[in-house]
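Under the working numbering, the letters of the sequence shown match residues 9 to 538, in that order. Heads up, the beta-carbon is just placed ideally off N, CA and C, and yes, glycines get one too. Before any comments, here is the structure.
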Amino acid sequence: MSSNPEIDVLVIGSGNAGLCSAISAAESGAGRVLLIDSCPEHWAGGNSYFTAGAFRTVHAGLTDILPLVDNVDQEKASKTDVEPYTPADFLGDITRICVGRSDPHLSKTLVGDSNDAVKWLAEHGVRFQLSFNRQAYEIDGRFRFWGGMCLKTQNGGKGLIEDERHAAEKLGVEILFNTAAKRLILDPSTGGIRSVIVQNTSTSISSGSTPGLELGEREIFTKSVILAAGGFEANPRMRAQFLGPGWDFAHVRGTPYNNGVCLEMAIRDASAKQAGNWSGCHSVAWDANAPADSGDREISNEFTKSGYPLGLMINAEGKRFVDEGVDMRNYTYAVFGKAILAQPGHVAFQVWDADMVPWLRAEEYREEIVERITGDTLEELADQCAKRGLRNPNQFLDTIREYNKAVAAFRDENPNHKWDPAIKDGLSTQSSRRKLALPKSNWATPLTRGPYLAVKVTCGVTFTFGGLAVDYETGGVISSATDSPVPGLYCAGEMLGGLFWDNYPGGSGLTSGAVFGRRAGRAAAAHARK
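And the structure:
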């Protein structure tokens with residue numbers, strides 16, 4: 009590339025939102041589309057690479073989904089139950105899970121475009137599958153999907169990024185890694201985007217004689233810019249500043265390059281208006297032995313530990329601190345990481361007995377991935393956990409014993425109640441005879457049969473919710489100075505603020521990146537053509 013190339017659309021960020029933006033811009037008639045990322049190529053894909061590849065979408069049931077997937081033959085389809093997931097279902101979940109604070113224009117756009125966006129990705133070669141391993145249980149010979157979600161990409165986030173990158177390159181999108189956006193330059197006569205100052209992050213290059221540029225910097229002139237560089241989840245200073253004290257202890261679930269630099273750049277250089285839940289984030293129960301400052305590209309999402317609805321979560325003082333069965337896992341896993349972070353030592357122990365261990369997902373709990381703490385008796389399990397940070401083994405045992413008594417009392421009063429992990433089955437710890445101060449509202453089964461299993465977990469932060477205000481129709485970034493879109497500046501993915509508050513419905517993050525990336529790409533191409 010020359011030092012001052014003319015670009016029609018410049019996309020910043022190589023994750024799902026950035027690649028969807030680039031694909032959309034290229035197919036919408038933008039002449040030259042360039043995607044840049046500050047990371048080296050072996051870190052391509054942002055946080056999307058580390059996901060399970062789940063997409064939450066409106067659909068009409070199995071017949072609507074089957075044409076998209078490649079892992080279901082006729083025989084398996086005949087044994088598979090997928091209930092329709094309507095726009096009202098999706099909107100209702102967002103309203104409930106995001107405590108009524110989600111921007112209604114953004115949420116309605118996400119819901120309304122979700123089905124079409126998934127089918128658009130499939131047309132571009134993204135390989136979808138029914139998520140039997142994560143979203144279905146085989147009960148009485150039938151695969152029953154639950155939690156409003158059924159789709160994932162082949163090979164999870166790794167496969168998603170591979171397929172989207174292939175589609176982008178096929179459309180002529182150019183990609184540069186080791187290229188960090190440093191400053192946005194606005195045209196003083198129009199107030200719109202003129203260029204972006206970037207810096208090579210791999211080697212020091214000469215900036216030549218271009219005035220105003222430091223060593224290693226160059227100026228890329230462009231008609232439109234799409235910001236898709238993620239939130240500030242990998243920046244411990246910003247986490248402590250915005251999420252609150254203790255958040256610098258959280259483990260980074262994904263890329264170390266989502267450091268909030270582009271958010272601060274847009275606010276500083278383009279007066280971008282801030283929006284959304286800046287003290288909120290998506291965080292999960294994460295392997296306590298995982299790397300602290302970034303995810304592992306090979307192990308990826310397998311560090312997630314989401315089997316807690318099948319057992320108990322007990323902190324280092326030996327006490328429960330969440331209702332493990334308050335809702336389907338899809339609606340609790342993104343906030344339980346925060347609950348773990350608030351515990352002594354920022355850790356907890358997930359515990360199961362021999363009856364529940366076979367129901368745990370192998371990719372999260374196999375011995376090659378996680379340290380499995382075992383004991384033939386509860387006392388032996390407590391002793392083993394004590395060697396790994398459990399401070400009060402006696403309280404640990406008391407907690408489990410009291411729980412078992414409450415489960416038994418409920419079952420005595422409700423002998424016909426049946427355990428069913430595919431629905432909120434109502435098996436609880438709350439009976440007329442005995443109630444726990446902190447209930448387990450569903451899937452309450454006794455921990456009475458050895459050998460027992462425990463896994464030590466901590467908080468893994470995925471993405472932050474605070475971001476930039478946008479025009480929902482175009483993804484155009486709103487200026488705090490004019491309260492109208494900055495000409496030629498767009499936003500998608502985690503940088504978009506106002507959609508998620510406090511929590512989010514599982515799988516809707518990737519769908520948001522596709523929906524708003526697609527809209528931003530179309531709008532950026534149209535602006536460039538003008």
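Quick one: is Pro-493 buried, meaning 16 or more other Cβ sit within 10 Å of its Cβ, or exposed? Looking at its Cβ environment, which holds 16 or more other Cβ atoms inside 10 Å, Pro-493 is buried.
Where Arg-399 and Gly-353 are concerned, what is the direct C-alpha to C-alpha distance, given to the nearest angstrom? Each residue's Cα considered, the two are about 10 angstroms apart.
Starting from Tyr-549, trace the alpha helix (DSSP H) both ways and give me its first and last residue. Since the first and last residues shown for the chain are 9 and 538, residue 549 lies out of range.
Counting along the chain, where does the alpha helix (DSSP H) carrying Pro-495 start and finish? Boundaries around Pro-495 are those of the beta strand (DSSP E), 493 to 499, since no alpha helix (DSSP H) includes it.
Just the Cα atoms here: how many angstroms apart are Arg-261 and Val-378? The C-alpha of Arg-261 lies about 15 angstroms from the C-alpha of Val-378.
Let me know if Arg-64 comes out buried or exposed under the rule of 16 or more other beta-carbons within 10 Å of its beta-carbon. Residue environment analysis places Arg-64 among the buried positions, since at least 16 neighbouring C-beta atoms fall within 10 angstroms of its C-beta.
When you compare the CB positions of Ile-381 and Ala-293, do they come within less than 8 angstroms of one another, or not? The Cβ-Cβ distance between Ile-381 and Ala-293 does not fall below 8 angstroms.
Ranges of the beta strand (DSSP E) found wholly within the region 146 to 174, counting only runs of at least 3: Whole beta strand (DSSP E) segments, 3+ residues: 150 to 153, 159 to 161.
Please go through the same chain and pick out, in chain order, the residues whose beta-carbon is closer than 7 angstroms to the beta-carbon of Phe-185, but skip the five residues on each side of it. If we look at Phe-185 and ignore the five residues flanking it on each side, its Cβ neighbours are Asp-45, Cys-47, Pro-48, Glu-49, Ala-52.
Option in Phe-257, Glu-170, Leu-271, Ala-242 with minimal Cα separation from Ile-234: Taking only the C-alpha atoms, the option nearest Ile-234 is Leu-271.
DSSP three-state call for Thr-519: helix, strand or coil? Residue state, collapsed to three classes: helix.
Use the C-beta contact count for Gln-358: other C-beta atoms within 10 angstroms, 16 or more gives buried, fewer gives exposed. The residue in question, Gln-358, is buried, as its Cβ has 16 or more Cβ neighbours within 10 Å.
Going along the chain, which residues of its own chain have a beta-carbon closer than 6 angstroms to the beta-carbon of Ser-214, five neighbours each way excluded? Since pLDDT at Ser-214 reaches only 40, below the 50 mark, its modelled position is unreliable, and the value read off the structure follows with that caveat. Correct list: empty, nothing qualifies.
Give a yes or no on whether the C-beta atoms belonging to Asn-266 and Gly-239 are separated by under 8 angstroms. Their beta carbons are under 8 angstroms apart, which means Asn-266 touches Gly-239 by this criterion.
Cutoff 7 angstroms; reference Gly-268; Cβ partners in own chain excluding five residues on either side: Closer than 7 angstroms at Cβ, skipping near neighbours: Gly-239, Phe-240, Asn-243, Met-246.
For Asp-97 and Gly-156, what's the separation of their Cα atoms in angstroms? The straight-line gap separating the alpha-carbon atoms of Asp-97 and Gly-156 is approximately 8 angstroms.
Assuming Leu-138 and Ile-73 form a contact by the criterion Cβ under 8 angstroms, report the distance between their Cβ atoms to the nearest whole angstrom. Taking the Cβ atoms as the reference, Leu-138 lies roughly 7 angstroms from Ile-73, within the contact range of under 8 angstroms.
Which two residues bound the contiguous alpha helix (DSSP H) that contains Gly-345? Its alpha helix (DSSP H) spans residues 341 to 349.
Whole angstroms is fine: what's the gap from Arg-6's alpha carbon to Leu-497's? In this structure the chain extends from 9 to 538, so residue 6 is not present and cannot be described.
Out of Gly-37, Ile-193, Trp-255, which has the shortest C-alpha to C-alpha gap to Arg-276? Of Gly-37, Ile-193, Trp-255, the residue nearest in Cα terms is Ile-193.
State buried or exposed for Ala-445, treating a residue as buried only when at least 16 other CB atoms are found within 10 Å of its CB. Taking all protein chains shown into account, Ala-445 has fewer than 16 neighbouring C-beta atoms within 10 Å of its C-beta and is therefore exposed.
Under DSSP, the beta strand (DSSP E) around Glu-272 begins and ends at which residues? It is not in any beta strand (DSSP E) - Glu-272 instead sits in the alpha helix (DSSP H) that spans 269 to 278.
Suppose the cutoff is 8 angstroms on Cβ atoms and the five residues either side in sequence are ignored; what does the same chain contact list for Gln-438 look like? Correct list, in chain order: Ala-414, Phe-418, Leu-444, Pro-447, Ser-449.
By the three-class DSSP mapping on this structure, what secondary structure does Asp-111 have? In the three-state DSSP reduction, Asp-111 falls in the coil class, being neither helix nor strand.
Tell me, please, which residues DSSP counts as bridged to Val-77. Here Val-77 is bridged, per DSSP, to Phe-136.
Just to confirm, is the Cβ distance from Ser-308 to Arg-337 under 8 angstroms? No.
So, are the CB atoms of Glu-372 and Phe-229 less than 8 angstroms apart? A distance of 8 angstroms or more separates the beta carbons of Glu-372 and Phe-229.
Using a C-beta cutoff of 8 angstroms, does Pro-423 count as contacting chain D? Note that chain D does not occur in the displayed structure, where there is just one protein chain.
Just the Cα atoms here: how many angstroms apart are Leu-321 and Val-330? Position check: residue 321 holds Met in this sequence, whereas Leu was assumed. It is roughly 7 angstroms from the alpha-carbon of Met-321 to the alpha-carbon of Val-330.
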